[in-house]
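Visitor: First the structure, which I've put down as structure tokens, then a few questions once you've had a look.
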């Protein structure tokens, strides 16, 4: 199933100089980055992005953290990309993270967990609209596209 997902490298990833390494991991999977920008998330964007967490004891920490510095927002596209990017990102809770995931290899705690990746097609669609306009998305063909789609079939 061909999908798009939002991936955000949070301020801790940017401050620690891990942006390039995270992008390299995405590209090594063969997925396509079709939009990317360095952003200072606004309060309005943060509130919309984290609306499902409103009222929970950690909500204000989430908001304060995403507002604390620059983020890299991107749209990643490919077959089953939502599930695969979640696996690449790793578990949210530090004690559940496994080596090999971005968080398992590089993250320090539950709040400073380096990145966000959409968890469902519905949330991906909602989150993408918070951070991107259609005119910011570039469609292009990569070498991986030729292997994923052969005579209209997914591999």
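Numbering (full-length UniProt numbering), first residue to last: 1 to 155. Think of the CB as a built atom: it goes at the ideal place given N, C-alpha and C, for glycine as much as any other residue. Since this is a predicted model, take the numbers as computed values, not measurements.
(1) On the CB-based measure, 16 or more other CB atoms within 10 Å of its CB, does residue 120 come out buried or exposed?
(2) Would you call residue 4 buried or exposed, if buried means 16 or more other Cβ atoms sit within 10 Å of its Cβ?
(3) Between residue 139 and the rest of its own chain, which residues show a CB-CB distance below 7 Å, the 5 nearest in sequence each way excluded?
(4) Which residue's Cα is closest to the Cα of residue 107: 12, 62, 129, 117?
(5) Report the option in 39, 101, 28 whose CA atom is closest to the CA atom of residue 69.
(6) Would you say residue 102 and residue 22 are within 7 Å of each other, going by their C-beta atoms?
(7) By the DSSP assignment, the beta strand (DSSP E) with residue 124 in it spans what residues?
Guide: Put simply:
(1) Label assigned to residue 120: exposed.
(2) The residue is buried, with at least 16 neighbouring Cβ atoms inside 10 Å.
(3) Closer than 7 Å at the Cβ level, and outside the excluded window around residue 139, lie 34.
(4) Closest by alpha carbon: 12.
(5) Taking only the C-alpha atoms, the option nearest residue 69 is 39.
(6) Yes, Cβ-Cβ distance for residue 102 and residue 22 is below 7 Å.
(7) Here residue 124 belongs to no beta strand (DSSP E); instead the alpha helix (DSSP H) covers 121-131.
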